[in-house]
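There are 2 protein chains.
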Amino acid sequence: MSVLVVGSVALDSVETPFGKADEVLGGSATMFASSACHFGPVQLVGVVGSDYPMHKLEPLKARGVDLAGLETAEGESFRWRARYRHDLNSAETLETRLGVFSRFRPQIPEAFRRTPFVFLANIDPRLQLDVLNQVEKPTLVAMDTMNFWIESRRPDLVELLGHVDLITLNDAEARQLTEQSNLVKAAKWIMARGPKHVVIKKGEHGAFLFSGDTIFFAPAFPLEDIFDPTGAGDSFAGGFIGWLAATGDLSEENLRRAVVYGSAMGSFAVEQFSNERTIALARPEIEQRVREFHRLVAFDAPLPQ
Amino acid sequence: MSVLVVGSVALDSVETPFGKADEVLGGSATMFASSACHFGPVQLVGVVGSDYPMHKLEPLKARGVDLAGLETAEGESFRWRARYRHDLNSAETLETRLGVFSRFRPQIPEAFRRTPFVFLANIDPRLQLDVLNQVEKPTLVAMDTMNFWIESRRPDLVELLGHVDLITLNDAEARQLTEQSNLVKAAKWIMARGPKHVVIKKGEHGAFLFSGDTIFFAPAFPLEDIFDPTGAGDSFAGGFIGWLAATGDLSEENLRRAVVYGSAMGSFAVEQFSNERTIALARPEIEQRVREFHRLVAFDAPLPQ
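Line by line, the protein sequences give chains A and B.
Using my numbering, read the first sequence as starting at 1 and increasing by one per residue.
Using my numbering, read the second sequence as starting at 1001 and increasing by one per residue.
Rendered as structure tokens:
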């Protein structure tokens, strides 16, 4: 089944201790699509400025990402400049120029309105709500968000929670949104407001999936070299939702698998700048990493009863 | 098989957001023994002052901890006062009074010198080396350490690495000791200097076991209420070494199980002050938590090949 993603398409300039990238493909929708496209068709809705180097999107098209919903508006594209210090734990934003993205009003093309899996990437929750008014009975609606919206658009965000099946957010965002320092309590707080499933991403410390009373945990893959953490969360979401859409199975067991596919895609994302590693992947590489994840946590304690 | 532990026996006064405990049982050797005793016999070597409330150790004796190596010296016992803030991530030490512990010279009783499993809890690495001169051909020697010794006794610590089979330390200590920010590289650095196995504890973020080229990861158990983190690491070590000693099996598969038993014991430790929860456990509770750990990370991806 197809996945519809609505989010940003940007140009990133990133400096890490290991190198520098200028004006490379960035944005939540592009990173998501570069990951999800390995599992099935992806439809992308976003906006770029008239200055956008459209050839950078060719590899996505070649991988089956439908860009019919990517609008080109008069003006500058969304640009983000950032630097990571030695520990790579948090990006220091040097410059954000929203450009045409500041006037983004998502228009879902007629052909995308019945897409069964919808991912509302990190944009203004009012726009996320507006997207939901344009789509028809999706099988699963998932959303992401960030600290900026938690601070500035809390009522809209809480309203949106009532309309989504699943949310992905990082641990700091979960704590900020719920005012609970304990993540188990934070997840319960969120589930009480709508979502049946909560994925809390902890970056290098892995990810939790909360579903009702059950908890699943997948570690981050222990890599020796982490090149650039940008986009790891959206690549995770792409693998996670991509796997769910490909299988059409929303059982607890399959959601667990989806978290592992998401973790695998997140681990690839950080091995190169931008989407360089994820878009170029071959499926056997993904399956191999999933097997390595399995081995990473495998133990067979004597488990009577 | 028996476990010999050499370390501190202290009196802790701890304040957390959830309560206050005054002069409760503390110290690395006591927390280790309170955990390891659930798996088999434990022999403890340490020192207390003439003011020590010896009745506090009765529950350990009742659980099979042999205190024949616990010396009573003229003077004050080791006392530690600390406070945890809301996030419980790090203790703020308010006062450390080493008392008789500052003159501790471990004397291993004749009856303990052939004990097959030895845990050198966090004490001066010169004393840890001295203990190894007193024991005879143990099956496994494991050690712990802390930032203080990494700073002040680096050459001794590196020498000690050449004489142990396994080290447990936390992520910050691993980075400090090895000057590697990446934990995979840190573990390799350590293994190159002696230990065949490295356990890196990440507190609420779980624990890694490195053995040659293989990596195992166990999450921390996601608890809704964490009461007092003091002693979680030593309780982990007690479950880990206790399980290995009980089974006498040093295979990779059994080391993985041992990490999970360690994680289970660490998760119990934080549910109460001091060793209150760990010492009072019944074995079925431990087995139940190990099963919960199994379920926490279980997934069955299609894993061809």
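Each residue gets a CB set at the ideal place from its N, CA and C atoms; glycine is no exception.
*Out of A:K188, A:S267, A:P195 and A:G238, point me to the one whose CA is closest to A:G203's CA.*
Position 203 of the first sequence, counted from the first residue, corresponds to residue 203 of chain A. Considering only alpha carbons, the answer is A:S267.
*asked:* At the level of alpha carbons, what is the spacing between A:F117 and B:K1020?
replied: Taking the first sequence and counting its residues from 1, one reaches residue 117 of chain A at position 117. Taking the second sequence and counting its residues from 1, one reaches residue 1020 of chain B at position 20. Rounded to whole angstroms, A:F117 to B:K1020 spans 50 Å at the Cα level.
*In terms of residues, what are the limits of the beta strand (DSSP E) holding B:A1232?*
The residue labelled residue 1232 of chain B in the question sits at position 232 within the second sequence. From DSSP, B:A1232 is part of no beta strand (DSSP E) but of the alpha helix (DSSP H) over A1232 to T1247.
*Spatial neighbours of B:L1132 within its chain, please: CB distance less than 7 Å, with the 5 preceding and 5 following residues excluded, ordered by chain position.*
Locating residue 1132 of chain B in the second sequence gives position 132, where the first residue counts as 1. Around B:L1132: V1141 and H1163.
*Would you identify the three-state DSSP class for A:F101, choosing helix, strand or coil?*
The count along the first sequence starts at 1 and reaches residue 101 of chain A at position 101. Note: A:F101 maps to helix in three-state DSSP.
*Got a sec? Which residues, its chain only, sit under 8 Å from B:I1279 by beta carbon, not counting five neighbours each side?*
For this step, residue 1279 of chain B is matched to residue 279 along the second sequence. Result list for B:I1279: S1034, C1037, P1059, L1060 and R1063, in chain order.
*asked:* What are the residues in the stretch 1072-1087 of chain B lying within 8 Å of chain A by C-beta distance?
replied: H1086 and D1087
_Need the endpoints of the alpha helix (DSSP H) that A:Y261 sits in, please._
Against the first sequence, residue 261 of chain A aligns to sequence position 261. Looking at the DSSP string, the run of the alpha helix (DSSP H) that includes A:Y261 is E252 to A269.
_Rounded to whole angstroms, what is the Cα-Cα separation between A:Q180 and B:Y1261?_
Indexing the first sequence from 1 puts residue 180 of chain A at position 180. Indexing the second sequence from 1 puts residue 1261 of chain B at position 261. Each residue's alpha carbon lies about 29 Å from the other.
_In DSSP terms, what B:G1162 is bridged to_ = Your numbering for residue 1162 of chain B matches position 162 in the second sequence. B:G1162 pairs with nothing; no bridge assigned.
_Rounded Cβ spacing between A:L166 and A:P138 (contact assumed at less than 8 Å)_ = Taking the first residue of the first sequence as position 1, residue 166 of chain A is located at position 166. Taking the first residue of the first sequence as position 1, residue 138 of chain A is located at position 138. Not confirmed; about 11 Å, so no contact.
*Between B:T1214 and the rest of its own chain, which residues show a CB-CB distance below 7 Å, the 5 nearest in sequence each way excluded?*
Here residue 1214 of chain B is taken as the residue at index 214 of the second sequence, counted from 1. The residues are E1252.
_For a minimum of 3 consecutive residues, which ranges assigned as the beta strand (DSSP E) are wholly contained in the stretch 126-209 of chain A?_
140-144, 166-170 and 197-201
*Going by the CB atoms, is the gap between A:L4 and A:F347 shorter than 9 Å?*
Nothing can be reported for residue 347 of chain A: it is not among the residues displayed for chain A, which extend from 1 to 305.
_I'd like the list of long-range same chain contacts for B:D1146, defined as Cβ closer than 7 Å, with 5 residues on each side in sequence excluded._
By one-based count along the second sequence, residue 1146 of chain B stands at place 146. Before going further, note that residue 1146 of chain B is Met rather than Asp in the sequence given. Answer for B:M1146: N1122 and E1173, listed in chain order.
_Any beta carbon from chain A within less than 9 Å of B:K1202's own beta carbon?_
Position 202 of the second sequence, counted from the first residue, corresponds to residue 1202 of chain B. Taking Cβ atoms only, chain A reaches closer than 9 Å to B:K1202, which makes this a yes.
*Is there a Cβ from chain B that is less than 9 Å from the Cβ of A:L223?*
Reading the first sequence from its first residue, position 223 is the one you call residue 223 of chain A. So yes, A:L223 belongs to the interface.
_Segment limits, alpha helix (DSSP H) that includes A:L296_ = Walking along the first sequence from the start, residue 296 of chain A turns up at place 296. Start and end: R283 to V297.
*Based on Cα-Cα distance, which residue from B:L1157, B:A1207 and B:F1216 lies nearest to B:I1190?*
Within the second sequence, numbered from 1, the residue matching residue 1190 of chain B stands at position 190. Checking every option, the nearest Cα to that of B:I1190 belongs to B:L1157.
*With 16 as the cutoff for other CB atoms within 10 Å, does B:S1090 come out buried or exposed?*
Position 90 of the second sequence, counted from the first residue, corresponds to residue 1090 of chain B. B:S1090 comes out exposed.
_chain A contacts made by the stretch 1153-1185 of chain B, where a contact means CB separation under 8 Å_ = S1181, N1182, L1183, V1184 and K1185
*Beta carbon of A:G242 nearer than 9 Å to that of A:A269*: For the purposes of this step, residue 242 of chain A is taken as the residue at position 242 of the first sequence. For the purposes of this step, residue 269 of chain A is taken as the residue at position 269 of the first sequence. Not closer than 9 Å, so no.
*asked:* Quick check on the burial criterion: 16 or more other C-beta atoms within 10 angstroms. Buried or exposed for B:D1300?
replied: Here the question's residue 1300 of chain B lines up with position 300 in the second sequence. With fewer than 16 other Cβ atoms within 10 Å, it is exposed.
*Find the residues of chain A that neighbour B:L1296, judging by a C-beta separation of less than 8 Å, and give them in chain order.*
In the second sequence, counting from the first residue as 1, residue 1296 of chain B sits at position 296. Result: I215, F216 and F217.
*Could you tell me how far apart the beta carbons of B:A1258 and B:V1290 are, in whole angstroms, since I believe they sit closer than 8 Å?*
Numbered from 1 along the second sequence, position 258 holds the residue referred to as residue 1258 of chain B. Numbered from 1 along the second sequence, position 290 holds the residue referred to as residue 1290 of chain B. Going by Cβ atoms, the distance from B:A1258 to B:V1290 rounds to 11 Å, so no, they are not a contact pair.
*If you check the beta carbons only, do B:S1008 and B:G1040 fall under 9 Å apart?*
Start at 1 with the first residue of the second sequence, and residue 1008 of chain B comes out as number 8. Start at 1 with the first residue of the second sequence, and residue 1040 of chain B comes out as number 40. Not closer than 9 Å, so no.
*Output the distance between the C-alpha atoms of A:L11 and A:K185, rounded to the nearest integer angstrom.*
As a working mapping, residue 11 of chain A is identified with position 11 in the first sequence. As a working mapping, residue 185 of chain A is identified with position 185 in the first sequence. Distance between the alpha carbons of A:L11 and A:K185: 37 Å.
*asked:* If the criterion is Cβ atoms closer than 9 Å, does the pair A:L183 and A:F208 meet it?
replied: Locating residue 183 of chain A in the first sequence gives position 183, where the first residue counts as 1. Locating residue 208 of chain A in the first sequence gives position 208, where the first residue counts as 1. Their beta carbons are under 9 Å apart, which means A:L183 touches A:F208 by this criterion.
*Where does the unbroken alpha helix (DSSP H) through A:S28 begin, and where does it stop?*
Here residue 28 of chain A refers to the residue found at position 28 of the first sequence. From DSSP, the alpha helix (DSSP H) with A:S28 extends over S28 to A36.
*Which same chain residues, not among the five before or five after B:A1187, have their C-beta less than 6 Å away from its C-beta?*
Taking the first residue of the second sequence as position 1, residue 1187 of chain B is located at position 187. Excluding sequence neighbours, B:A1187 sits near V1198 and F1210.
*Exposed or buried, what is B:S1050 when buried is set at 16 or more other beta-carbons lying within 10 Å of its beta-carbon?*
Indexing the second sequence from 1 puts residue 1050 of chain B at position 50. Under this definition B:S1050 is an exposed residue.
*Nearest to B:V1048 by alpha carbon, out of B:F1018, B:D1087, B:F1032 and B:R1079?*
As a working note, residue 1048 of chain B is residue 48 in the second sequence. The residue with the shortest Cα to Cα distance from B:V1048 is B:R1079.
*Cutoff 9 Å: B:E1285 Cβ touching any chain A Cβ*: The sequence position of residue 1285 of chain B within the second sequence is 285, counting from 1. Answer no: the Cβ-Cβ gap between B:E1285 and chain A never drops below 9 Å.
*Can you name the residues that DSSP bridges to B:L1057?*
On the second sequence, position 57 is the one that residue 1057 of chain B refers to. According to DSSP, which records beta bridges pairwise, B:L1057 is partnered with nothing at all.
*Run through DSSP, which three-state label would B:T1278 get?*
Position 278 of the second sequence, counting from 1, holds the residue named residue 1278 of chain B. Reduced to three states, the DSSP call for B:T1278 is helix.
*Which residues in the same chain have their Cβ closer than 7 Å to the Cβ of A:F32, if we skip the five residues on either side of it in sequence?*
Sequence index remark: in the first sequence, residue 32 of chain A carries index 32 (1-based). Closer than 7 Å at Cβ, skipping near neighbours: V5, G7, F119, A121, D234, A237 and G238.
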